[in-house]
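For reference, the structure is listed below as structure tokens.
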Amino acid sequence: MSGHGHQLSEEEAAAMFEPPSWDERYSGPEQVWSGNPNAQLVAEVAGLTPGTALDVGCGEGGDVIWLARQGWRVTGADFSANGLARAARHAEQAGVADRTDWWQVDARTFTADGRSFDLVTSHFLHPPDGGMVAVTRRLAGAVAPGGHLLVVGHAPSEVFTHLTAGQRRAMFVAEDLLPGLPDDFEALVVEQRPRTVTRDGVTVGIHDSTLLARRTS
Numbered sequence: 001m002s003g004h005g006h007q008l009s010e011e012e013a014a015a016m017f018e019p020p021s022w023d024e025r026y027s028g029p030e031q032v033w034s035g036n037p038n039a040q041l042v043a044e045v046a047g048l049t050p051g052t053a054l055d056v057g058c059g060e061g062g063d064v065i066w067l068a069r070q071g072w073r074v075t076g077a078d079f080s081a082n083g084l085a086r087a088a089r090h091a092e093q094a095g096v097a098d099r100t101d102w103w104q105v106d107a108r109t110f111t112a113d114g115r116s117f118d119l120v121t122s123h124f125l126h127p128p129d130g131g132m133v134a135v136t137r138r139l140a141g142a143v144a145p146g147g148h149l150l151v152v153g154h155a156p157s158e159v160f161t162h163l164t165a166g167q168r169r170a171m172f173v174a175e176d177l178l179p180g181l182p183d184d185f186e187a188l189v190v191e192q193r194p195r196t197v198t199r200d201g202v203t204v205g206i207h208d209s210t211l212l213a214r215r216t217s
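Letter by letter, the sequence shown follows residues 1 to 217 in UniProt numbering.
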């Protein structure tokens, strides 16, 4: 999130949304993410009764591992084979491999294929050109009756002015996602939540767009 370094072209930025870019990113020796669970996942899920969960865009598996430690049976889904391999390794190291499985799938095209989960969660997926509404609809299709859907992403902010216009357009406020909820869902949380992050030694304020909904039937 820093403004340093190479300014991406729109073509380079678009390529970042595709699997080869993430496979390359996950191919190096260093860990890409902190391994800590996302703040809004902890805030919203800590009070739920553990059941089955699907984490779409799971990356290196930080959220999957946290959920498994809370007693959930978790499927981590991502379009990067390297990311999934790394996540599975982290789950093994964390001692929760028996509570996790993995699914290589692109959030933009996946369907639940008859599977359903008590919790479907996705954090910081940002498909280009407002595509998150359609992704939200796909995610909702995997929620079991009575289950919950949690979608979290970056709200637009001047902090992100170094990004390309396409990357900034991919950001959203929670209300933007409401058209993606089917009729049998009720929205429980629709808000932007403040959070601080530190990049390159500088602490800045950002907002997590947070949508929590429950399937009523």
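Each residue gets a CB set at the ideal place from its N, CA and C atoms; glycine is no exception.
Does residue i get closer than 9 Å to chain D when you measure Cβ to Cβ?
{"i": "T198", "result": "Among the chains of the structure shown, chain D does not appear; only one protein chain is present."}
Which value, in whole angstroms, describes the spacing of the CA atoms of residue i and residue j?
{"i": "T164", "j": "L125", "result": "16 Å"}
{"i": "Q93", "j": "R214", "result": "33 Å"}
{"i": "V201", "j": "D183", "result": "Checking the sequence, you will find Gly at residue 201 rather than Val. Rounded to the nearest angstrom, the two C-alpha atoms are 45 Å apart."}
{"i": "F172", "j": "A97", "result": "34 Å"}
{"i": "G153", "j": "S209", "result": "5 Å"}
{"i": "W33", "j": "R199", "result": "At W33 the pLDDT is 49, less than 50, meaning the model places this residue with poor confidence and gives no usable figure here."}
{"i": "F79", "j": "R73", "result": "20 Å"}
{"i": "T216", "j": "F185", "result": "6 Å"}
Relative to the C-alpha of residue i, which candidate in the options has its C-alpha closest?
{"i": "P128", "options": "L211, L181, A213, A170", "result": "A170"}
{"i": "N38", "options": "T196, H148, V204", "result": "T196"}
{"i": "F117", "options": "V190, Q40, P50", "result": "P50"}
{"i": "R108", "options": "A88, H123, A87, M132", "result": "M132"}
{"i": "I65", "options": "T100, V56, A77", "result": "T100"}
Assuming residue i and residue j are in contact, meaning their beta carbons sit under 8 Å apart, how far apart are those beta carbons, in whole angstroms?
{"i": "T111", "j": "L150", "result": "Not confirmed; about 19 Å, so no contact."}
Who does residue i pair with in a DSSP beta bridge?
{"i": "I206", "result": "R195"}
{"i": "R138", "result": "Its beta-bridge partners do not exist; DSSP assigns none."}
{"i": "Q104", "result": "D78"}
{"i": "E186", "result": "R214"}
{"i": "F117", "result": "V143"}
{"i": "H154", "result": "D208"}
{"i": "R73", "result": "T52"}
Verify the contact flag: residue i, CB atom, against every heavy atom of the ligand FAD, threshold strictly below 8 Å.
{"i": "E175", "result": "Absence of the ligand FAD is noted for the structure shown, with no ligands found whatsoever."}
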